[in-house]
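Visitor: Chains L and S supply the protein sequences, listed in that same order. For what it's worth, our numbering labels the leading residue of the first sequence as 2, then goes sequentially. For what it's worth, our numbering labels the leading residue of the second sequence as 2, then goes sequentially. By construction, the Cβ of each residue, glycine as well, lies at the ideal position given by its N, Cα and C atoms. Keep in mind it's a predicted model, so treat the numbers as computed, not measured. Below: one structure in structure tokens.
Protein chains: 2
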Amino acid sequence: MGTQHPLNTIGKPVAKVDGRELVTGKARFTADMKLPGMVYGYQARSGVPSAKLLAIDTEKARRSDGVLDVFTAEDIPGPNLIGILPPFDQPVMADKEIRYAGETIALVVGETREQAKQGARKISPSYQVLTPILTVDDALKENARKIHPQGNITFSKELIKGDARKGLEDADVVVTGTYETSFQEHAYLEPEAVCAVPHGDNRITIYASCQSPFHLRGHIANNLGVPATRVKVVQAYTGGSFGGKDDVAVEIGILAGTAALKLNRPVMISHEREESIKGSNVRHAARIEYTTGAKKDGTLTARVAKVYLDGGAYASESPFVTMKALIHAAGPYVVDNVSVEVTTVYTNKTYAGAFRGFGVPQVTFASESQMDELAKELGMDPLALREKNGLKAGDLTATSQSYDSSVGFLETVRAIRTVRDRFTVEKNDDRYVYGTGVASLLQGISNGAEGVDVVGASVQMSQDGSVLVGCGLTELGQGSRTVFAQIASEVLGCNMDRVVVRQVDTDSVHDSGPTVASRTTTVGGMAVKKAAEQVAGSLKKMASLMFKIDEEHIELKEGFAVLKQDTNASIPLSEVATAAYWTGFPLMNLAFSQAPPVDYDHDTHQGDIYLAYNFGTHLMKVQIDTYTGEVRVLHHAAAHDVGRVVNPLGVTGQIEGASLIGYGLAHLERIEYADGIIRNPNFADYAVPSIKDRLPTETILIEDPTPNGPFGAKGVGEPPVAGAAAAFANAVADATGHRFRNLPVTREDITSVFRKEA
Amino acid sequence: MGTQHPLNTIGKPVAKVDGRELVTGKARFTADMKLPGMVYGYQARSGVPSAKLLAIDTEKARRSDGVLDVFTAEDIPGPNLIGILPPFDQPVMADKEIRYAGETIALVVGETREQAKQGARKISPSYQVLTPILTVDDALKENARKIHPQGNITFSKELIKGDARKGLEDADVVVTGTYETSFQEHAYLEPEAVCAVPHGDNRITIYASCQSPFHLRGHIANNLGVPATRVKVVQAYTGGSFGGKDDVAVEIGILAGTAALKLNRPVMISHEREESIKGSNVRHAARIEYTTGAKKDGTLTARVAKVYLDGGAYASESPFVTMKALIHAAGPYVVDNVSVEVTTVYTNKTYAGAFRGFGVPQVTFASESQMDELAKELGMDPLALREKNGLKAGDLTATSQSYDSSVGFLETVRAIRTVRDRFTVEKNDDRYVYGTGVASLLQGISNGAEGVDVVGASVQMSQDGSVLVGCGLTELGQGSRTVFAQIASEVLGCNMDRVVVRQVDTDSVHDSGPTVASRTTTVGGMAVKKAAEQVAGSLKKMASLMFKIDEEHIELKEGFAVLKQDTNASIPLSEVATAAYWTGFPLMNLAFSQAPPVDYDHDTHQGDIYLAYNFGTHLMKVQIDTYTGEVRVLHHAAAHDVGRVVNPLGVTGQIEGASLIGYGLAHLERIEYADGIIRNPNFADYAVPSIKDRLPTETILIEDPTPNGPFGAKGVGEPPVAGAAAAFANAVADATGHRFRNLPVTREDITSVFRKEA
């Protein structure tokens, strides 16, 4: 870990460095931007889920009041194609075929947003309507119409470890079941927005509420037909993303950029909530056929899962979601025989893509339901079953990877047992029933074998000792700026208030790939640490000249270079920095940080894939009103092995927030389709958890440091989604005595059980 | 030099990369900026050159229509102090004392610029007027009033080499004379302008027409009382600077920043021409008492110069100007005995500071007048005298520095002789007289021993093979963006149109100090080269894996990685870059480049000071109308040793532009004072050379490469000023038979000679 001395900033609770401007409204979001000559874009969308697009009549729209121009697919200078990875199957605007209701067919640009919107209503497409394919089963039928030329299977992957058939034969007990989850909307507070500003120097700046500015740059440049370095993407304050501001930001970035270059005016596209829900990606709906075998003593002998993911109209980030579902389906357990097959399927619905958890919540719900069903079958305590099979350092994961350290899973189970032991058992009565559910999970940290894991960061100290940090990974509300500031502060021995973490832009750091996979603290933090260490090296070299003593005797602490032997001997960092500048020691460094290499077989899905896993166990205790179906969460405990806590307030916030999304997935949220059209594209009809639903979460932080994260830290942004969702389902099953295998388990579902019994 | 193979881009004539947007008006300058909520600042200035400032009544101004706020010295949050180097003697706004007419006493902010200006007129200061000190002689009088507490001598330095007294004693011929030059105005097309924009994240961005963004950042942060990293300075397109946009940009940057933070609105300050002339620094006026001794054969035995520089009210960059005058006074000659003393003096006039040439034009005028006077005395050809004494590799300069290479002085003399040999001798007639003058010069490249010579640059290649270059030194019209693009293109083997050189900002590169001392191509170019070489290294490593052959067999050329043995075997750089990204070879590098160390004694001013000198010889052939005094330059030849030509068009442009400034200094320009107040603060009364004055310049480029510049290149931005001014004076002397020892030599001066004779 390289930390022989106690840490000064790491591990201390600190307020978010950008918290004040956010809560006071001082932070300006993309849609707040106003520039001279700025015009507004509004997308015309298809009203049908599946059709041949024969023609688009734009004349009425062009004549509409205040409309400046109308753009259709043929106006995109480049290939009119987006997509994170092959097969690059998604047009920016539909050209020949409509594949989901809500797909963009034209962009109307007006002097005001309202004028653009009115114009967009006057776009008249001519369709040859096709029968939409709306279910996985229909898509997989023999002779089904092909949604894309290559067929209706987006991706299919299989993980094989040991011999699952034999493992099931060796089992004393086998449980099996089919589990389903629904499409889920990201529901960030700030809908998608971009502002494209053309400059006199033939460059264009895209200000965007976005997650992965380098993705935007590449796609926008390609579709504008200009070199990537003519495009600068600046990540504006981003009011939540959760995976949802990759694809759509790219799409509207290209649209705004195309219009801005043609009109030579700044172009704003800022979505309304309905556009955000209809036009942006969602969490994959899943159907999981799961079978688990075990010995009488609870030892797992085999786990077999067949997973179907509904990917909607386009591939988007399905490759990663497919992969994550595959890797995580067997859970945080030692299982010698595993067989997982994940198939992602095209349907004529809103495309599914990245969403906090990335396939893990779906399979964890199935896996952890199975564990509880198995425990019941075996007459075992659910926590004991998890403890018996839980991964330890040196054990092999489902991909047969083992870790020497930072496998704190069993500690999370034991911590949750301690919580449960505190509880008094509530007695059911005529109206209310009570239950407790637990669920365990693991979630891989970093892109690992799924992609390149490179991050750039820069750290600059000014002569006055103040510090500027930049990183290619983004702040999305998760607190990365605060974590980066803490890391720089720790390494440079300066106070937090001397550190500024600036906005991300694509000009100033190395292409850092996407801000995903809970890798920001871990991989991004390592880059910041590396850059800061270079600057710290200069400061120590300078201080060594000033003190006339070897560097090893000097430490940087609380704004001073201090002599270890005599802490009264100290020089302010501002003086050291000024001297270093004039002496010629570099005070700025651009780090290029890379995750350790992986060794992975993409055919069998065996090998070393992630630099670490986050492990967790959740517990929920619920009270259910059998009259109304209302579920009251009396207690929620979430224990996670986070390697090292950087900011306890931040970690707690991440766990609370992710758990609430898991709770929404498990209990409230479902995108309702009728004939392929979303029926609840608003927050009145789509039930997203509100502040009133905030869970009474008790956060338990286990620190089992990883050598691959800064000071040992591992990410925690995504894992709690899976834990909370699965624990909720198990708690409801415990309370009601009924195993619900479809999420969400709504109040209606619950009351229907009791009505049946009544 | 590291260039075994022929160069592809370096040395080729290329159009300025930013030329098109500049000539089409697409480039947006600072004053073109318009932002929502933007307000305008206008400075109230003192109308007297010297006074105790008793009070400032701001009430009427505050009540003036559209005025939002008024700021005086006490409203500056920080120390209200600027200055490049100690003694830091200049307030941002005058507080207790007025030291020149035009000094800022208050800032008025209004909704419009006109309202702010009207408000500024209503600022009522109460003065106790003092008798201004307006000449160097008055300032140096015993018992003179002290303009600053430390006295009226800003700086005084003395260079001693050998024994000058003995040298003069040994001389067969001694010439002596006193030479004077005037204050000169920078007269850039775009007057000073800044726009301060406060952000929600507690940072402030200063967009500025400026020369040295890191200077701005430091001073602005200090005076705003915030850490430097909370200030981001972006250099906007800058319509000329020539040294003039350091101090004033700092001053108005602080003013705009102070107002922006208080009002939380963007604040624009954009000067009118009169403000620019009255309120910004000028070139030091000089009086130089010069004596030169020589043997009969022309061998110089001693040169003795006593230089007085009028520095005006504040020190500004006088330390550097003092130093440069000191080092360069002896000229590009081998002289064993040199004594130079330079004294810079405070007066109650506009402060003098940086101006293209930095003290060298003044002393070169004196030195080269002396050389001609000596030649006349000796009956020698002026070029022969210069050739006899000219520096060669291995010779000692005035500071006793010697260079192994890149001393191409004698080649410039010989080249000019060849030009002269072409001429037919014109015969004087009743009205017209003809003459030819030459002048030689040297000018140190880099800050050298005068300061820190550190530059940061970044080079980033995108996966599509396009390249983004950033550097901490600025484009001021001199063509640095083009030079940087050429260097990156050369190193990376890509075409120029794939390279973008972006705007400079203080966030994204290492503090690079000021853009001065003709060091941009040399020191800045080395930084760009270094950064590009790192990226090229990644590309070669990747190509080596792709070709399965050692790196040494691969070169990057014309957009491809090419096998040297078989140039048909090539891979597009875009493919190499994409593969490199995914394989984990860094495609971006932030270079920190430093000039070689110096070894200099600041007491005797002996030692190694600059990494190289530019050497030059100019020739002017003039026709003079004895009736009107009109001087027609029939021919101008400028031969310079530039080490290596990067862009012949750029070098030619630099030589033409700098020569024209020298011509203005020698013939047209003089700031006229009456009672300490500038009488000609406009382009009607102040005669700046116009396009009609463009010289018929023949540029001769000598290439004697320096190991300390990229591909051997040395800067050429400043040297021709001195050459053209001195050659003009010598040509006029030759034509008229009268030695004018004061610059400018105006038409009036010339006709007065002939009137006297008539």
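1) DSSP on F72 (chain S), reduced to helix/strand/coil?
2) Where does P267 (chain S) land, buried or exposed, given buried means 16+ other C-beta within 10 angstroms?
3) Can you give the Cα-Cα distance for R742 (chain L) and V227 (chain L), rounded to whole angstroms?
4) What span of residues does the beta strand (DSSP E) with L591 (chain L) cover, start to end?
5) Quick one: what's got a C-beta closer than 8 Å to L8 (chain S)'s C-beta in the same chain, skipping five residues either side?
6) Would you identify the three-state DSSP class for T182 (chain L), choosing helix, strand or coil?
7) Examine chain S for any beta-carbon lying closer than 7 Å to the beta-carbon of K35 (chain L), and answer yes or no.
8) Should Q371 (chain S) be labelled buried (16 or more other beta-carbon atoms within 10 Å of its own) or exposed?
9) Measure the C-alpha to C-alpha separation of P762 (chain L) and L160 (chain L) and round it to an integer number of angstroms.
10) Between the stretch 95 to 111 of chain L and the stretch 47 to 57 of chain L, are three or more C-beta pairs nearer than 8 Å?
11) Which residue's Cα is closest to the Cα of P515 (chain L): L:S271, L:L69, L:G294 and L:L217?
12) State yes or no: is the C-beta of A331 (chain S) within less than 7 Å of the C-beta of A399 (chain S)?
13) Can you list, in chain order, the residues of its chain whose CB lies under 6 Å from that of D337 (chain S), leaving out five sequence neighbours each side?
14) Would the stretch 384 to 401 of chain L count as touching the stretch 602 to 615 of chain L if we require 3 or more Cβ pairs under 8 Å?
15) Any beta carbon from chain L within less than 7 Å of G201 (chain S)'s own beta carbon?
16) Got a sec, what are the start and stop residues for the beta strand (DSSP E) M462 (chain S) sits in?
17) Rounded to a whole number of angstroms, what is the C-alpha to C-alpha distance between V175 (chain S) and R695 (chain S)?
18) Are the C-beta atoms of P573 (chain L) and some chain S residue less than 7 Å apart?
19) Give a yes or no on whether the minimum CB-CB distance between D508 (chain L) and chain S is below 7 Å.
20) Whose C-alpha, out of L:A367, L:E552 and L:T653, is nearest the C-alpha of L327 (chain L)?
21) Compare the Cα-Cα distances from I278 (chain S) to each of S:I679, S:P126, S:S447 and S:Q479 and report the closest residue.
22) Using Cβ-Cβ distances below 7 Å, what residues of the stretch 420 to 454 of chain L are close to chain S?
23) Since E193 (chain L) and S210 (chain L) should fall inside the 8 Å C-beta cutoff, what is the C-beta to C-beta distance between them, to a whole number of angstroms?
24) Measure the C-alpha to C-alpha separation of Q151 (chain L) and A316 (chain L) and round it to an integer number of angstroms.
25) For chain S, find out if any of its Cβ atoms is closer than 7 Å to the Cβ of L86 (chain L); answer yes or no.
26) Following the continuous beta strand (DSSP E) through F548 (chain S), name the residue where it begins and the one where it ends.
27) If we ignore side chains and look at the alpha-carbon of each, how far apart do E673 (chain S) and A355 (chain S) end up?
28) Roughly how far, in whole angstroms, is the beta-carbon of E374 (chain S) from the beta-carbon of R756 (chain S), given that I think they are within contact range, below 8 Å?
29) To the nearest angstrom, how far is the alpha carbon of V18 (chain S) from that of P199 (chain L)?
30) Can you check which of these residues, L:R46, L:I751, L:D33 and L:P92, is closest to R432 (chain L) by C-alpha distance?
31) Ends of the alpha helix (DSSP H) at M269 (chain L)?
32) Please confirm whether Y347 (chain S) and A140 (chain S) have their CB atoms less than 7 Å apart.
33) With a threshold of 7 Å between beta-carbons, can V599 (chain S) be considered close to chain L, or not?
34) Consider the Cβ of K1 (chain L): report whether some Cβ of chain S lies at a distance smaller than 7 Å.
35) Going along the chain, which residues of its own chain have a beta-carbon closer than 6 Å to the beta-carbon of G449 (chain L), five neighbours each way excluded?
36) Taking a cut of 9 Å between CB atoms, which residues from the stretch 730 to 756 of chain L lie near chain S?
Guide: So, to answer that:
1) One-based indexing of the second sequence puts residue 72 (chain S) at position 71. Here F72 (chain S) sits in strand by DSSP.
2) Looking up residue 267 (chain S) in the second sequence gives position 266. Classification of P267 (chain S): buried, given that the 10 Å Cβ count is 16 or more.
3) Taking the first residue of the first sequence as 1, we reach residue 742 (chain L) at position 741. Taking the first residue of the first sequence as 1, we reach residue 227 (chain L) at position 226. R742 (chain L) and V227 (chain L): Cα-Cα distance of roughly 50 Å.
4) Counted from its first residue, the first sequence places residue 591 (chain L) at position 590. L591 (chain L) -> beta strand (DSSP E) spans M589 to Q595.
5) Within the second sequence, the letter at position 7 stands for residue 8 (chain S). Closer than 8 Å at Cβ, skipping near neighbours: E491 and F712.
6) What you label residue 182 (chain L) is simply residue 181 of the first sequence in a count that begins at 1. Note: T182 (chain L) maps to strand in three-state DSSP.
7) As a working note, residue 35 (chain L) is residue 34 in the first sequence. Yes, K35 (chain L) counts as interfacial toward chain S.
8) Position 370 of the second sequence, counting from 1, holds the residue named residue 371 (chain S). By the neighbour-count rule (16 or more Cβ atoms within 10 Å), Q371 (chain S) is buried.
9) Outside the displayed span of chain L (2 to 759) sits residue 762 (chain L), for which this structure offers no information.
10) yes
11) Within the first sequence, the letter at position 514 stands for residue 515 (chain L). Closest by alpha carbon: L:L217.
12) In the second sequence, counting from the first residue as 1, residue 331 (chain S) sits at position 330. In the second sequence, counting from the first residue as 1, residue 399 (chain S) sits at position 398. Yes. Within cutoff.
13) For the purposes of this step, residue 337 (chain S) is identified with residue 336 of the second sequence, where counting begins at 1. Correct list, in chain order: G163.
14) yes
15) Position 200 of the second sequence, counting from 1, holds the residue named residue 201 (chain S). Closer than 7 Å: yes.
16) On the second sequence, residue 462 (chain S) is found 461 positions in, with the first residue counted as 1. Element bounds for M462 (chain S): V455 to M462.
17) The residue labelled residue 175 (chain S) in the question sits at position 174 within the second sequence. The residue labelled residue 695 (chain S) in the question sits at position 694 within the second sequence. One C-alpha to the other measures close to 37 Å.
18) Here residue 573 (chain L) corresponds to residue number 572 of the first sequence, with the count starting at 1. Output row for P573 (chain L): interface = no.
19) Residue numbering aside, residue 508 (chain L) sits at position 507 when the first sequence is read from its first letter. Taking Cβ atoms only, chain S reaches closer than 7 Å to D508 (chain L), which makes this a yes.
20) Counting from one through the first sequence, the residue named residue 327 (chain L) turns up at place 326. Measuring from the Cα of L327 (chain L), the nearest candidate turns out to be L:A367.
21) Here residue 278 (chain S) corresponds to residue number 277 of the second sequence, with the count starting at 1. The shortest C-alpha separation from I278 (chain S) is found at S:I679.
22) V453
23) Looking up residue 193 (chain L) in the first sequence gives position 192. Looking up residue 210 (chain L) in the first sequence gives position 209. Contact holds; Cβ gap of about 6 Å.
24) To locate residue 151 (chain L), count along the first sequence from 1; it is residue 150. To locate residue 316 (chain L), count along the first sequence from 1; it is residue 315. Going from the Cα of Q151 (chain L) to the Cα of A316 (chain L) covers about 12 Å.
25) If you number the first sequence from 1, residue 86 (chain L) lands on position 85. Answer no: the Cβ-Cβ gap between L86 (chain L) and chain S never drops below 7 Å.
26) Reading the second sequence from its first residue, position 547 is the one you call residue 548 (chain S). Unbroken run through F548 (chain S) is the alpha helix (DSSP H), G526 to F548; no beta strand (DSSP E).
27) Sequence index remark: in the second sequence, residue 673 (chain S) carries index 672 (1-based). Sequence index remark: in the second sequence, residue 355 (chain S) carries index 354 (1-based). Each residue's alpha carbon lies about 20 Å from the other.
28) The count along the second sequence starts at 1 and reaches residue 374 (chain S) at position 373. The count along the second sequence starts at 1 and reaches residue 756 (chain S) at position 755. The pair is not a contact, with the Cβ atoms about 24 Å apart (cut-off 8 Å).
29) For the purposes of this step, residue 18 (chain S) is identified with residue 17 of the second sequence, where counting begins at 1. For the purposes of this step, residue 199 (chain L) is identified with residue 198 of the first sequence, where counting begins at 1. Looking at the two C-alpha atoms, the distance is approximately 17 Å.
30) Locating residue 432 (chain L) in the first sequence gives position 431, counting from the first residue. The shortest Cα separation from R432 (chain L) among L:R46, L:I751, L:D33 and L:P92 belongs to L:I751.
31) Reading the first sequence from its first residue, position 268 is the one you call residue 269 (chain L). No alpha helix (DSSP H) holds M269 (chain L); the beta strand (DSSP E) holding it covers V268 to S271.
32) On the second sequence, position 346 is the one that residue 347 (chain S) refers to. On the second sequence, position 139 is the one that residue 140 (chain S) refers to. Yes; because the gap between Cβ atoms is below 7 Å, this pair is in contact.
33) Counting from one through the second sequence, the residue named residue 599 (chain S) turns up at place 598. No, V599 (chain S) lies away from the interface with chain L (no Cβ there is under 7 Å from its Cβ).
34) There is simply no residue 1 (chain L) to check, as chain L begins at 2 and stops at 759 in what is shown.
35) Here residue 449 (chain L) is taken as the residue at index 448 of the first sequence, counted from 1. Correct list, in chain order: V599, I610 and Y611.
36) none
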